[in-house]
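**Q** Mind the numbering: the sequence shown is residues 1432 to 1636 in the numbering used here, read in order.
No residue lacks a Cβ here, since even glycine has one placed at the ideal position from N, Cα and C.
Sharing a structure, written as C-alpha cells. Questions coming.
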Amino acid sequence: MLELPPTSSAARERALHAAEKLFGSRGYNAVSLKDIAGVLGIRHASLYTHFPGGKEDLYVEVMERALLRHREQLLHLVQESAPPLRQQLRAIIDWLLSQPPLHMMRMMQADMHVISPPSAKRLSDTVYVAIFVPIEQLIDAAYQRGEVRFVNAGMVAGLLFTAIEALRSMREMPGYEESAAYKPCALQVQAYDVIDLLLDGILRH
C-alpha cells in the first residue's frame, strides 16, 4: 500500500479532503482513521505523520478549515450586499444552500461531547466567529440605521442558521418524501420563509 510522504503537503491536503467528506457524511464517532486511510489507499499509521494527535486533531483541523471558508465568504457577502436586511439575509441563505451542509447540530450535540474539552471549546469559538459574527454584523448594522428594533443579534443568527440546518437535515431523512413532514416546496422558499418569520413574526400587525 502507498505511504503518505512525510513532507508532502499535497498528500496532507488529500488526507484533509478525504476526512472532510467522511466526517461530513457520518460524524466523528462513525469515522475511523482506517476509514480515511482506506479512501486514500494507505496504511492508517501513515496519517500520524501529518496528524500526530490522531483522529481528533484531524477532525478539528477539518472542521476549522470548513468553518473558516464559510467565514471568508460570509464576510464578503456582508461587505458586498446592500440593505435592506431581508435581502442581505437572503443572499447569505442562497450561498449557504449552495454549499455542503456543515451538520452543525450533530457537531454540537454529538461530536463535541466525545472530543476533548479544549478541542470542543476551540471548535465552539470557531463556530461563533465564522458563522454567528457575520450575521450579527448585518443585524447590528440594520439596528444602527433604524431598520429593526434592538434584539440579541447572536440569538437571531443562531435561530436562522439552526433553522436552515434543520430544514436540510429533514430532507436528508430516509423516506422524507413519503412522510407526513413532507412539503412539496423548494428548500429556498422554505428558507426565505424562515427569514420572514424572524423579521415579521406570524401575528397580524
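Reducing DSSP to helix, strand and coil, say where ILE1467 ends up.
**A** Against the sequence shown, residue 1467 aligns to sequence position 36. It is helical.
**Q** From ILE1633 to LEU1489, what distance separates their C-alpha atoms?
**A** If you number the sequence shown from 1, residue 1633 lands on position 202. If you number the sequence shown from 1, residue 1489 lands on position 58. Distance between the alpha carbons of ILE1633 and LEU1489 is about 44 Å.
**Q** Does the beta-carbon of ASP1542 have 16 or more other beta-carbons within 10 angstroms, so that it is buried, or is it exposed?
**A** Indexing the sequence shown from 1 puts residue 1542 at position 111. Buried, by the Cβ-count rule.
**Q** At the level of alpha carbons, what is the spacing between GLY1585 and ILE1473?
**A** Here residue 1585 refers to the residue found at position 154 of the sequence shown. Here residue 1473 refers to the residue found at position 42 of the sequence shown. Each residue's alpha carbon lies about 43 Å from the other.
**Q** Leaving out five residues on either side along the sequence, give the residues of the same chain with a beta carbon under 8 Å from the beta carbon of ALA1682.
**A** Residue 1682 is absent from the model: the chain starts at 1432 and stops at 1636.
**Q** With a CB to CB cut of under 7 Å and the five nearest residues on each side skipped, what residues in its chain are close to VAL1509?
**A** Taking the first residue of the sequence shown as 1, we reach residue 1509 at position 78. PRO1565, GLN1568 and LEU1569.
**Q** Spatial neighbours of ASP1373 within its chain, please: CB distance less than 8 Å, with the 5 preceding and 5 following residues excluded, ordered by chain position.
**A** Outside the modelled stretch of the chain, which goes from 1432 to 1636, sits residue 1373, for which no answer is possible.
**Q** Check whether the segment 1553 to 1562 touches the segment 1615 to 1624, counting contact only when three or more Cβ pairs, one atom from each stretch, lie closer than 8 Å.
**A** As far as the Cβ criterion goes, the segment 1553 to 1562 does not touch the segment 1615 to 1624, which means the pair count is below three.
**Q** So, at 6 Å on beta carbons, what are the nonlocal neighbours of LYS1486 in its own chain, with the 5 sequence-adjacent residues on each side left out?
**A** To locate residue 1486, count along the sequence shown from 1; it is residue 55. Within the same chain, LYS1486 has close Cβ partners LEU1464.
**Q** Just how far apart, CA to CA, sit GLN1518 and LEU1505?
**A** The count along the sequence shown starts at 1 and reaches residue 1518 at position 87. The count along the sequence shown starts at 1 and reaches residue 1505 at position 74. Cα to Cα, the separation comes out at about 14 Å.
**Q** Please classify ALA1441: is it buried, with 16 or more other beta-carbons within 10 angstroms of its beta-carbon, or exposed?
**A** In the sequence shown, counting from the first residue as 1, residue 1441 sits at position 10. By the 10 Å Cβ count, ALA1441 comes out exposed.
**Q** Quick check on DSSP: helix, strand or coil for MET1601?
**A** As a first step, residue 1601 is located in the sequence shown; it is residue number 170 there, counting from the start. Of the three classes helix, strand and coil, the one that applies to MET1601 here is helix, per DSSP.
**Q** By Cβ distance below 8 Å, which residues in the same chain neighbour LEU1453 in space, the five residues on each side in sequence not counted?
**A** Here residue 1453 refers to the residue found at position 22 of the sequence shown. VAL1462, ASP1466, ILE1467 and VAL1470, listed in sequence order.
**Q** Look at the Cβ atom of GLY1589, then the Cβ atom of PRO1531, and state whether they are nearer than 8 Å.
**A** Counting from 1 along the sequence shown, the entry for residue 1589 is found at position 158. Counting from 1 along the sequence shown, the entry for residue 1531 is found at position 100. For GLY1589 and PRO1531, no; Cβs fall outside 8 Å.
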